[in-house]
DNA sequence: AATTTCAAGTAACGACTGTTAGTTATATAT
DNA sequence: ATATATAACTAACAGTCGTTACTTGAAATT
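Residue numbers (the numbering used here), protein chains in the order written: chain A, 1 to 197; chain B, 198 to 394.
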């Protein structure tokens, strides 16, 4: 038992350091020797803790994916207006990312280096997630809350682009905290920059 | 003379094919042997046309950067309202990307693999470009066109995220053409999703 | 005190990396 | 016909890649 806990703990250290490295240099350009050096050990020693380089990437990508799914499921379960749902979805997504900005960056930028069949599974989960946001937008159009002139694919892709780049520029030490960021981002996408006349 | 033209032409072919490969696999994961294979030649033969792998990346990144700068300079030269300027900037940016979606994707995702001092130069140009968009937003706030409640950094980063991910999902064969896409995107960011009551 | 577990080490493998040196066949220009 | 330029070739380099096999010292458990 204690072996498993302690092993997991060290394995977690390896994975977290790997996330930093993958975020900084990209998965393909990050070598196992780089990672080992950051941890102060030899490259071969990494394999006492992990099965392969890709196992690290898989763990990072799929753990984040599970968090996103969980957050969205909770948002969907509440019976509120589409604007409210969209707003909650945006805030939830941002808060999941804020809990681990490094893993979020890897999730977003490096998932393409997953091999099959993991890549396929990952992309299916992602499409599913996006489509559920798209449904919320469609509900909003149907209920008359949102303009019917907007292209739904464009709207949802714009939304995701904005969300997914956040880990690249957001400074967790900055004045604005993740929750406030979520509020503002939701407001900006729903109401736009323009002052309501 | 004719040597230069013909050489340039073949060099261009190599660079364009490299852009496709870099977009698909990422710069680091794309090998010169992959590229050569796509062109039906041997890896060593590439070096008749280009100096190095990174020269290709440099040429892709800096050529795109020049196009973006040119587009923004023209937008800035016109004396119009801030909303109009922002709108024109967005449309211009999208049209530059649409002219070469592949190079745009490389520009956005792979520039970090530039070595110094090119990386530094690239990032400085990019900061400058972003700050000029930020100025337009600030003008809009000052003139009362835009809300003064918005965080300007958040606004400009959201804008850029939306713009920069477009090459990843936009299908040039789709119903909506780049100009319409620019119109809609500008409208969405300025006016939001919500119907004006 | 003996045994097991953990986290590291050394050495090495086969494959792949970007790149070079030098050569050759083909098309164009003189 | 001769010279030149283009675009390809073969062979090979020094280095790096992820990973395996096996070993070792220290800590925890029995």
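Cβ atoms here follow ideal geometry from the backbone N, Cα and C, with glycine treated the same way.
| Contact list for the segment 354-371 of chain B against chain A, Cβ threshold 9 Å | 354, 355, 356, 357, 358, 359, 360, 361, 362, 363, 365, 366, 367, 371
| request: Taking only the alpha-carbon atoms, compute the straight-line gap between residue 198 of chain B and residue 313 of chain B and give it to the nearest angstrom. | output: Note that residue 198 of chain B scores a pLDDT of 35, beneath 50, so its modelled location is shaky; the value from the coordinates is reported in the next line. Going from the Cα of residue 198 of chain B to the Cα of residue 313 of chain B covers about 33 Å.
| task | State the DSSP-derived secondary structure class of residue 194 of chain A, mapped to helix, strand or coil. | result | strand
| request: Report buried or exposed for residue 325 of chain B, applying the criterion of at least 16 other Cβ atoms within 10 angstroms of its Cβ. | output: exposed
| Which whole-angstrom value describes the C-beta separation of residue 30 of chain A and residue 39 of chain A, a residue pair presumed to lie in contact below a C-beta threshold of 8 Å? | That belief does not hold up - the Cβ atoms of residue 30 of chain A and residue 39 of chain A are roughly 13 Å apart, past 8 Å.
| task | Would you mind telling me which residues of chain B sit closer than 7 Å to residue 32 of chain A, beta carbon to beta carbon, in chain order? | result | Within chain B, no residue comes near residue 32 of chain A; the closest Cβ sits about 14 Å away, beyond 7 Å.
| task | Express the C-alpha separation of residue 14 of chain A and residue 48 of chain A in angstroms, rounding to a whole number. | result | 11 Å
| query | Is the CB-CB distance between residue 268 of chain B and residue 387 of chain B below 8 Å? | reply | no
| message | Beta-carbon within less than 6 Å of residue 240 of chain B's beta-carbon, same chain only, minus the 5 sequence neighbours each way: which residues are those? | response | 229, 230, 233
| request: Compare the Cα-Cα distances from residue 66 of chain A to each of A:104, A:171, A:175 and report the closest residue. | output: A:104
| query | Residues of chain B with a CB under 8 Å from the CB of residue 154 of chain A: which are they? | reply | 373, 378, 381, 382, 385
| task | Could you tell me whether the segment 133-144 of chain A touches the segment 364-376 of chain B, using the rule of 3 or more Cβ pairs below 8 Å? | result | no
| request: Would you kindly work out how many angstroms separate the C-alpha atoms of residue 215 of chain B and residue 167 of chain A, rounded to a whole number? | output: 28 Å
| task | Locate the alpha helix (DSSP H) running through residue 346 of chain B, then write down its first and last residues. | result | Counting along the chain, residue 346 of chain B falls outside any alpha helix (DSSP H), and DSSP gives it neither H nor E.
| Does residue 347 of chain B have its Cβ less than 8 Å from a Cβ in chain A? | yes
| task | Answer yes if the segment 86-96 of chain A comes into contact with the segment 156-167 of chain A, meaning at least three C-beta pairs across the two stretches below 8 Å, and no otherwise. | result | yes
| query | Do we get a CB-CB distance below 8 Å when we pair residue 28 of chain A with the residues of chain B? | reply | yes
| Are the beta-carbon atoms belonging to residue 390 of chain B and residue 78 of chain A less than 8 Å from one another? | no
| query | Is there at least one Cβ from chain B nearer than 8 Å to residue 113 of chain A's Cβ? | reply | yes
| message | Can you look up residue 85 of chain A in the DSSP assignment and give me helix, strand or coil? | response | helix
| said: Any beta carbon from chain A within less than 8 Å of residue 280 of chain B's own beta carbon? | reply: yes
| request: With a cut-off of 8 Å on the beta carbons, I'd call residue 293 of chain B and residue 265 of chain B a contact; round off their distance for me. | output: 6 Å
| Cβ of residue 208 of chain B within 8 Å of Cβ of residue 238 of chain B? | no
| request: Could you name each continuous alpha helix (DSSP H) segment of 4 residues or more that falls completely within the segment 313-348 of chain B, going from the start of the chain to the end? | output: 315-339
| message | Under DSSP, the alpha helix (DSSP H) around residue 230 of chain B begins and ends at which residues? | response | 229-236
| message | Considering Cα atoms alone, identify which of A:187, A:181, A:26, A:179 is closest to residue 102 of chain A. | response | A:26
| request: Look at the alpha carbon of residue 283 of chain B and the alpha carbon of residue 56 of chain A, and state the distance between them as a whole number of angstroms. | output: 42 Å
| query | Could you check where the alpha helix (DSSP H) with residue 114 of chain A kicks off and where it finishes? | reply | It is not in any alpha helix (DSSP H) - residue 114 of chain A carries neither H nor E in the DSSP assignment.
| query | So which of A:135, A:80, A:62, A:177 has the shortest CA-CA distance to residue 118 of chain A? | reply | A:62
| request: Determine the closest residue to residue 75 of chain A out of A:58, A:133, A:187, with distance taken between C-alpha atoms. | output: A:133
| Any idea if residue 353 of chain B is buried or exposed, counting beta-carbon neighbours within 10 angstroms, 16 or more meaning buried? | buried
| Rounded distance between the beta-carbons of residue 150 of chain A and residue 381 of chain B, thought under 8 Å | 7 Å
| task | Note the first and the last residue of the continuous alpha helix (DSSP H) segment covering residue 63 of chain A. | result | 53-77
| message | Measuring straight from C-alpha to C-alpha, what distance separates residue 379 of chain B and residue 220 of chain B? | response | 23 Å
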